[in-house]
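Residue numbers (our numbering): 206 to 727.
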């Protein structure tokens, strides 16, 4: 973000990754075409669009889903489709790679999942850097939440209600059932199709959605719009049940729907959430009736929820002076839901402006009042890092990890601090260990590449950078990096062997995606 200094971890991945490798290929013509022809828009879950035409044969065959009870991909198919879907999403959308906000969202989702009826389902939550109010679910348990939706919620139960609703679309196999007619569609084509639905569906405009699908399929075959009210009702019902089980207010879903509907009447243009999740009076009444079945509870917001909202507000501002004035005004006005969140937001803005002494005082006072919350400890350490106090920063991160061992955000930020402080070897070992816990986190590999490079381990650096590119959606860039890693490996048999094996895997994926693009081009 221009003008805002946060950890290097707070990066945006959009369309392609930046590289200094002169041999690296540019993004494909297919994605250039998508960017030119489709306004970056979002829909909610992927249930609104169905391909009904026969597609090219492929070895990725979906199971027969004629029987709704068997309407599910195998775990391996679901995983592969989910990974391909996320590569397309990362190529086409701007994601907010902030570890603290992502950790919170993942924690909230894990809490809800513990009370669901499909506890073996893996969920991956990510944040879309859009100020619009929306959310969506995809294959592989991938669920995206807009930053605008965070801001629109008035309490944590409302946010949890939306997350629970999207999770229910996954657990109830709605997505798998909706793609049953696409059993002849290749994995790259299906992933691109699903991602195009997400990118194109924000306006709820059928013609726009048709154009997006035509861009992917390059065929004039008829497409069908098939919004299923039953799916939404089931997602509401299951979501409210899990919401109550996890200790949130079961009325959160109805109150959020009702407020959005009221705002759409008042302001004229409905939030995108209503375009992709049509809300009627009957649906609100049904949600209220379901919530009445559970005991009423007044649920206080967690401190983490309040801090994440403040953090996203600061991250969304291009000028930290605007955030500084915003929080100063709110503190002076004395009207707020969380005093701690306001002072946290103020400290982040002060640090972003280089006022590290003021930020230090705010954060020290916060920690004294609120205790050793991981986000407060992280902000305190990061403030010292940006002030150039590397010894203090690494000490503070190390101490914070003793209190919160394994915390993903603290681990990544500590690794960043270690690299800056010249201790790349310790950072490398820390990141290697963390990559086993977070194998799908691009930021782990970006930092690992830096650590290897600092240690002169060039082959390993290129290998790690390849994983960063791959997870960020740039398969061709990953292949290029692995080819360089193969050259740099020299006589290192172990490294050369692992590079060759991974290169073969990614070249196969790149070939499939290339064939898909060629087959779909007019």
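Here a beta-carbon is modelled for each residue, glycine too, at the ideal position from N, C-alpha and C.
Nothing here was measured: the structure is a model prediction, and the numbers come from that model.
DSSP places residue 437 within a helical segment (H, G or I) once states are collapsed to three. If you draw a straight line from the Cα of residue 661 to the Cα of residue 703, it is about 19 Å long. By the CB criterion at 7 Å, residue 362 and residue 351 fall outside the cutoff.
Under the 8 Å Cβ criterion, the segment 332-346 counts as touching the segment 372-382, having at least three qualifying pairs. Linking residue 548 to residue 533 through their CA atoms gives a straight-line distance of about 9 Å.
Ranked by Cα distance from residue 462, the first of 437, 447, 450 and 452 is 437. Take residue 502, set aside five residues on each side of it, and the residues of its chain with a beta-carbon closer than 7 Å to its own are 454, in chain order. Annotated three-state conformation of residue 300 is strand, per DSSP. The criterion of a C-beta distance shorter than 7 Å is not satisfied by residue 519 and residue 571.
For residue 670, the number of other beta carbons within 10 angstroms of its own is at least 16, and it is reported as buried.
Residue state for residue 345 is assigned as helix, using DSSP reduced to three classes.
Residue state for residue 333 is assigned as strand, using DSSP reduced to three classes. Here residue 559 is exposed: its Cβ has fewer than 16 other Cβ atoms, across all protein chains shown, within 10 Å. For residue 562 and residue 602, the gap between their C-alpha atoms comes out near 18 Å.
Per DSSP, reduced to three states, the secondary structure at residue 451 is coil, with no helix or strand assignment. Non-local beta-carbon contacts of residue 310 in its own chain, meaning distances under 7 Å to residues more than five positions away in sequence, involve 330, 332 and 350 in chain order. Annotated three-state conformation of residue 456 is coil, per DSSP.
Measuring C-alpha to C-alpha distances from residue 288 to each of 626, 652, 693 and 647 identifies 647 as the nearest. Taking a 10 Å sphere around the C-beta of residue 505, we find fewer than 16 other C-beta atoms and assign the residue as exposed.
No Cβ-Cβ contact shorter than 7 Å links residue 706 with residue 664.
Comparing alpha-carbon positions, the option among 619, 593 and 609 lying closest to residue 599 turns out to be 619. Setting aside the 5 residues that flank it on each side, residue 712 is surrounded in the same chain by 684, each with a C-beta closer than 7 Å to its C-beta; the list follows chain order.
Here residue 654 is not near residue 632, since their CB atoms are 7 Å or more apart. Comparing alpha-carbon positions, the option among 650, 692 and 658 lying closest to residue 676 turns out to be 650. Counting along the chain, the unbroken alpha helix (DSSP H) around residue 649 starts and ends at 647-659. When the alpha-carbon of residue 495 is set against those of 448, 521 and 478, the nearest one is in 448. A distance of 7 Å or more separates the beta carbons of residue 293 and residue 381.
For residue 579, the closest of 606, 527, 565 and 280 by C-alpha to C-alpha distance is 606. Cα atoms of residue 635 and residue 439: separation of roughly 43 Å, rounded to the nearest angstrom.
Here DSSP, grouped into helix, strand and coil, assigns residue 350 to strand. For the 7 Å CB-CB criterion, residue 314 and residue 367 do not form a contact. Counting along the chain, the unbroken alpha helix (DSSP H) around residue 518 starts and ends at 508-521. For residue 498, no alpha helix (DSSP H) encloses it, and the DSSP letter there is neither H nor E.
Under a 10 Å Cβ-count criterion, residue 718 is classified as buried, with 16 or more other Cβ atoms of the shown protein chains found around its own Cβ.
A straight-line Cα-Cα distance of about 15 Å links residue 508 and residue 573. For residue 356, the three-state secondary structure derived from DSSP is helix.
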